[in-house]
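Participant: For the sequence shown, the positions run 17 to 288 when our numbering is used.
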Amino acid sequence: MAESPLLLLALLFAIAVIIALATRSIGSNRRISFLRETGLMLVAFFIYHMARSVTEGEVSEALQHAYLITDLEKSLGLFVEPTWQAAIVGERWLVDLANWTYLWAFWPFIGTVAIWLYHSRPSTYRLFRNAFLISGAIGLIFFVLFPTAPPRLADLGFVDTVVEHSNFYHLLQPPQLTNQYAAFPSLHFGWVLLIGIVLIAESPRLGVKALGAVVPIAMGISIVLTANHYILDAVGGGMVALIGLGFAVLLSRRRERSAGRTPVPRQPIANV
């Protein structure tokens, strides 16, 4: 699309504005640290998506893996994706709700929580940052070795609701940085699951804990309703995310032992 470069520039501008607003009231040392951390995450973000595009598998192989997943779901009685989407395609407000959840509960939600976590509990932020990086690396291995077409591209009669009904898709997920055949595992679900875990674990407020429980569930449903992932994609994404978190915890404990410190129990974050 000709407009894609402009949308990508708009995304970068929005990120710059958010960074400027987030750092205007902090000291110079913390500002430098924050900008360095932001740069690290942006580099990781673009490397991840560029690697996905470079490692995009053959269409025939991606379709074969998609049919393998659908056959497995049918044998397990889990192939409900056609029924679920058929229930909403006639109701535009439900389609819009699924699309908005799919788009806005991903990078905007993750980024907002990451900024809050960075300022409120740096040690917890570093733990979950590492969990994201590790699970992303694991995901890339699957994308290379097991390219999988999503339901919307598998010629199974699904409607691509996000592309057809959303004007923000190309802004929040630029096509140049997206591998269309990386449905399994669904880190779209797995990473939101990690954010849900940190909200439940770290906030003393019931409303925030409820948000941490509801958003991953809503995302799990929306990735199916929008025909971007199969149910087993979500299962795989959740497992990869939890494995990444497990390795991040082990690395954190190893670092604490090597520094000769006893791990300090985390306290709930106040004023959240």
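Glycine included, each C-beta is placed from N, C-alpha and C at the ideal position. Since the model is a prediction, treat every value here as computed from it, not as a measurement.
(1) So what does T164 bridge to, in DSSP terms?
(2) To the nearest whole angstrom, what separates the beta carbons of T140 and V214, a pair I think is in contact under 8 angstroms?
(3) Pick out whichever of S238, E107, F263 has its Cα sitting closest to the Cα of L149.
(4) Is the CB-CB distance between E89 and L248 below 7 angstroms?
(5) What are the start and end residues of the alpha helix (DSSP H) that includes L210?
(6) So for D87, helix, strand or coil by DSSP?
(7) Mapping the DSSP letters down to three states, classify H5 as helix, strand or coil.
(8) Flag this pair as yes or no: are the beta carbons of W100 and V231 separated by less than 7 angstroms?
(9) How many angstroms separate the CA atom of E107 from the CA atom of R270?
(10) Of the residues A114, G252, F62, which one's Cα is nearest the Cα of V175?
(11) List the endpoints of the continuous alpha helix (DSSP H) containing V111.
(12) In terms of alpha-carbon separation, which member of I216, Y246, G254, G260 lies closest to Y197?
(13) By Cβ distance, which residues of its chain are closer than 7 angstroms to G276, with the 5 residues on each side in sequence left out?
(14) Would you check if the distance between the CB atom of S15 and the CB atom of G253 is smaller than 7 angstroms?
(15) Could you give the DSSP three-state label for V224: helix, strand or coil?
(16) Any contact of the region 204-214 with the region 118-138, i.e. 3+ C-beta pairs under 8 angstroms?
(17) Kindly indicate which residue of E97, A102, R142, E74 has the alpha-carbon position closest to the one of L293.
(18) Beta carbon of T177, beta carbon of T242: below 7 angstroms?
(19) Short check: CB of T374 to CB of A130, under 7 angstroms?
(20) Under the three-state reduction of DSSP, which class applies to V230: helix, strand or coil?
(21) Identify the continuous alpha helix (DSSP H) that holds G127 and give its terminal residues.
(22) Is DSSP giving E272 helix, strand or coil here?
(23) Would A121 and G260 be called neighbours here (beta carbons separated by less than 7 angstroms)?
(24) Considering only the alpha carbon of each residue, which of W132, W109, A102 lies closest to T54?
(25) Report the option in A60, V265, F62, L169 whose CA atom is closest to the CA atom of Y83.
(26) With C-beta atoms as the reference, is S151 less than 7 angstroms away from A217?
Facilitator: In terms of the structure at hand:
(1) A198
(2) 7 angstroms
(3) F263
(4) yes
(5) 203-218
(6) helix
(7) The shown model of the chain, from 17 to 288, leaves out residue 5, and the question about it has no answer.
(8) no
(9) So the two alpha carbons sit approximately 52 angstroms from each other.
(10) A114
(11) 108-120
(12) Nearest C-alpha to Y197: Y246.
(13) Counting only Cβ-Cβ distances below 7 angstroms, and skipping sequence neighbours, we find nothing.
(14) Residue 15 lies beyond the residue range present for the chain, which begins at 17 and ends at 288; the question has no answer from this structure.
(15) helix
(16) yes
(17) One cannot answer for residue 293 here, as it falls past the ends of the chain, which runs 17 to 288.
(18) yes
(19) Since the first residue shown for the chain is 17 and the last is 288, residue 374 is missing from the structure and cannot be characterised.
(20) helix
(21) 123-136
(22) Correct three-state label for E272: helix.
(23) no
(24) W132
(25) L169
(26) no
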